[in-house]
Ligand code: USQ
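Rendered as structure tokens:
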């Protein structure tokens, strides 16, 4: 079968430098077309193939000698990719994956995550070396070269110099604080998260406009931007579909093409919403191009590259600030701590395994948007109630590893709906980018048990048992949550709404 992006053209290529006038599509306004001899002219030069001179942007990726076919579609040869936040859970994993595909990898990090986890007196339960040792291991074991600079995303002078030096053809932005609880600790923490995330991204957009306007920005947003509408209204991919209509005052108003409402659930999630608007505007004003990735809660430890050697593994956090729910549950099972469901546990979230998320990102990076295109994808492969996750972890623990797991419900320190419908649209990754999830929840949980039950890791988990029960309340209180009930897996009826993940394309 032909690759999904085979018929895309220079319009999508970061090496194409547009010389004529381009109509902008994300707002009603377009620039007056420029006519040469009665013809509207859109001419480009190719940064990679200057010998072509000025020409119309009509060469397809399939035809172009600078693009090569990979299992993910056509990819620019030796594509220069800069990963912001390269030392993190996702950044490191993606660097190794893209490096193994032959991309030229560069990255920045200021160790924000390591420092915040230190602040909690926690650690990555999977031991990781410092970034320099990690880079050395990547070179020795996988033959991947990584160009790294210790840069704070807020340091625009340093970032500017590095962007100018590398001239990346895609930028992956993971350099944000990803923790909802951390942003709710107090005013200082909320300001720290929003400053890093919102101002960092805004500064980046200005630098991209100045230095690499043809480069695409693949930005990590979150499914949590949307919240969970109690009406059950589907969570579209950021923008209302063409046929969406608002009925008001006996009149129908089209909503097609407008950004959908956001209803974030913490000051961290608010920072992602603000990013959404800033990126949307930058694409509109300056023809930057971006995929804003609304990712579900990520879990897991495995990709081919990070599993290749213990020196290549990625970090894993389990404390109340930086541990996400599935990662925490498996670690809790390993240390014999009853799995901590917050509140009723009927709250539903979207999830995706680490390996699948990396595959999605790869597909997005190699198929860039057109100039001025702001697009949103919902990156999620399954929807689960928190109780269901606890049951699955308990089942895998018992059946495959002989571990007896108990479940507890604790007070919910967050302000969130504990029972709600949840219908999520995720059509673009499967249909436009050819993504098919490969990793089931059970499969990744099994891999996690395999790794986390290894003695040195189990020990690192047990050392941090005192950081499992949350004490950061959305109310501002600082007190450990109380246990509401403890029960055996398989003894409770699973109640609540059935979520729906809509991946099929609409019938027009
Ligand atoms: N939860 C429990 N028990 C726990 C931990 C969490 O019941 O021990 C519940 C929470 O109440 C929440 C759900 O699990 O309803 C998810 O919590 P989480 O801590 O795993 O994830 P969250 O704070 O929502 O944030 C994480 C990432 C964030 C990303 C987000 C995607 O840290 O970067 O944006 O997942 S989403 O959930 O779609 O917002």
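Residue numbers (the numbering used here): 1227 to 1734.
The C-beta atom is built at its ideal place from N, Cα and C for all residues, glycine as well.
- In this model, residue 1613 and residue 1664 are separated by some 23 Å (Cα to Cα).
- Counting the other CB atoms within 10 Å of its CB gives residue 1289 a total below 16, which places it among the exposed residues.
- Between the ligand USQ and the CB of residue 1642, the shortest heavy atom gap is smaller than 7 Å.
- With fewer than 16 other Cβ atoms from the protein chains shown falling within 10 Å of its own Cβ, residue 1720 counts as exposed.
- The residue among 1324, 1319 and 1731 with its C-alpha nearest the C-alpha of residue 1297 is 1324.
- Residues 1283, 1284, 1285, 1286 and 1287 of the same chain have their beta carbon placed closer than 8 Å to that of residue 1235, with the five preceding and five following residues left out of the count.
- When rounded, the separation of the alpha-carbon atoms in residue 1368 and residue 1392 is 22 Å.
- Not one heavy atom of the ligand USQ is found less than 7 Å from the C-beta of residue 1241.
- A direct Cα-Cα distance of roughly 11 Å separates residue 1395 from residue 1434.
- Going by C-alpha positions, residue 1700 is about 38 Å away from residue 1307.
- In the assembly as shown, residue 1722 is a buried residue. Its beta-carbon has 16 or more other beta-carbons within 10 Å.
- Look at residue 1242 here: in three-state DSSP terms it is strand.
- When the beta-carbon positions are compared, residue 1429 and residue 1380 come within less than 8 Å of each other.
- Burial is judged here by how many other beta carbons sit within 10 angstroms of a residue's own beta carbon; residue 1385 has at least 16 and is buried.
- For residue 1706, the closest C-alpha among the options 1638, 1643 and 1715 is that of 1638.
- Between residue 1506 and residue 1600, the CB-CB gap stays under 8 Å.
- Judged by beta-carbon spacing, residue 1354 lies within the 8 Å limit of residue 1360, meaning their Cβ atoms are closer than that value.
- Note on residue 1711: under 16 other CB atoms within 10 angstroms of its CB, so exposed under the neighbour-count rule.
- Given a length threshold of 4 residues, each whole run of the alpha helix (DSSP H) inside the region 1537–1604 is given here in chain order: 1551–1561 and 1580–1592.
- Taking the Cα of residue 1269 as reference, the smallest distance to any Cα among 1459, 1237, 1589 and 1674 is reached at 1237.
- Comparing C-alpha distances from residue 1680 to each of 1472, 1453, 1536 and 1421 shows the shortest one belongs to 1536.
- 8 Å or more divides the Cβ of residue 1578 from the Cβ of residue 1623.
- Only exposed fits residue 1303, as fewer than 16 other CB atoms lie within 10 angstroms of its CB.
- Sixteen is the threshold: since fewer than 16 other Cβ atoms of the shown chains lie within 10 Å of the Cβ of residue 1471, the residue is exposed.
- In the DSSP assignment, residue 1290 falls outside any beta strand (DSSP E), carrying neither H nor E.
- The closest CA to that of residue 1566, considering only 1346, 1609, 1549 and 1629, is found on 1549.
- In terms of side-chain proximity, the C-beta atom of residue 1332 is found no nearer than 7 Å to any non-hydrogen atom of the ligand USQ.
- Separation of the CB atoms of residue 1621 and residue 1715 is rounded to 7 Å, and the pair is thereby assigned contact status at 8 Å.
- Comparing C-alpha distances from residue 1603 to each of 1558, 1586, 1468 and 1618 shows the shortest one belongs to 1586.
- The ligand USQ never approaches residue 1715 closely enough for any of its heavy atoms to be under 7 Å from the residue's Cβ.
- Per the Cβ contact rule, the region 1440–1455 is not in contact with the region 1473–1483 (fewer than 3 Cβ pairs under 8 Å).
- Under the three-state reduction of DSSP output, residue 1354 falls in the coil class, being neither helix nor strand.
- Its Cα nearest to that of residue 1455, the residue 1573 stands out among 1573, 1529 and 1631.
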